[in-house]
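Before any comments, here is the structure.
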Amino acid sequence: MITSVQFIDGLDEEISGISLRKRKDSETKIVVLLFERLQAIERLRAYRKQITNLWLRDEEGEIKVTPSNVRFFYAENEDLSKIECYFEVYSEDIFERVMRFLNRYADENGFQFQST
């Protein structure tokens, strides 16, 4: 099975970058998915204020997360240039599952993980 990322069921999105962080005051992990464009927005212009779920699907099944923050960045000409989608992971088991998904996604799409 191919991995997929969807804000709208059945509409695949393409991740352009991934950042992993950890809260300083707890063990909570933060996953930041970067997108250069979102088909969900292109198809449904009013969707920007209503991003409530994100589905990560692969051969193990489906991970449904609720973004804690979605940030939209615009170029000087007011065209959408980048989207950052943040979600928090509180459990180590779920974080390990998300990492397996991200590794599969990275393998399929030519990403390389780098430590900063």
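Sequential numbering from 185 applies to the sequence shown in the numbering used here.
C-beta: ideal position from N, C-alpha, C; glycine also.
Note that the structure is predicted; figures quoted are calculated from it, not measured.
Report task. Can you have a look at E211 and say buried or exposed, based on whether 16 or more other CB atoms are within 10 angstroms of its CB? Result -> It counts as exposed.
Query - E262 versus F256: straight-line alpha-carbon distance, rounded - result: Using only the alpha carbons, I get a separation of about 11 Å.
Requested in this report: Report the three-state DSSP secondary structure of D291 (helix, strand or coil).
Outcome: In the structure shown, D291 sits in a helix (DSSP, three-state: H, G or I).
**Report entry** Residue environment, F297, which counts as buried when at least 16 other CB atoms sit within 10 Å
**Finding:** F297 counts as exposed, since fewer than 16 other C-beta atoms from the protein chains shown sit within 10 angstroms of its C-beta.
Requested in this report: Kindly indicate which three-state DSSP category D242 falls into: helix, strand or coil?
Outcome: Shown here, D242 sits in a strand according to DSSP, grouped into three states.
Query raised in the report: For L286, which of helix, strand or coil comes out of DSSP?
Result: Reduced to three states, the DSSP call for L286 is helix.
Report task. Could you pull out every residue in the same chain whose Cβ sits closer than 7 Å to the Cβ of E220, ignoring the five residues on either side in sequence? Result -> Only S200, K266 meet the Cβ criterion.
Report task. State the Cα-Cα distance for the pair R284 and I225, rounded to the nearest angstrom. Result -> R284 and I225: Cα-Cα distance of roughly 27 Å.
**Report entry** Three-way DSSP call (helix, strand, coil) for Q298 in this model
**Finding:** DSSP places Q298 in the coil class of the three-state scheme, outside both helix and strand.
Query raised in the report: Considering only C-alpha positions, which residue in the set Y274, R205, L204, L238 is nearest to E198?
Result: Nearest option by C-alpha distance: L238.
Report task. Helix, strand or coil for A259, going by three-state DSSP, please let me know. Result -> Reduced to three states, the DSSP call for A259 is coil.
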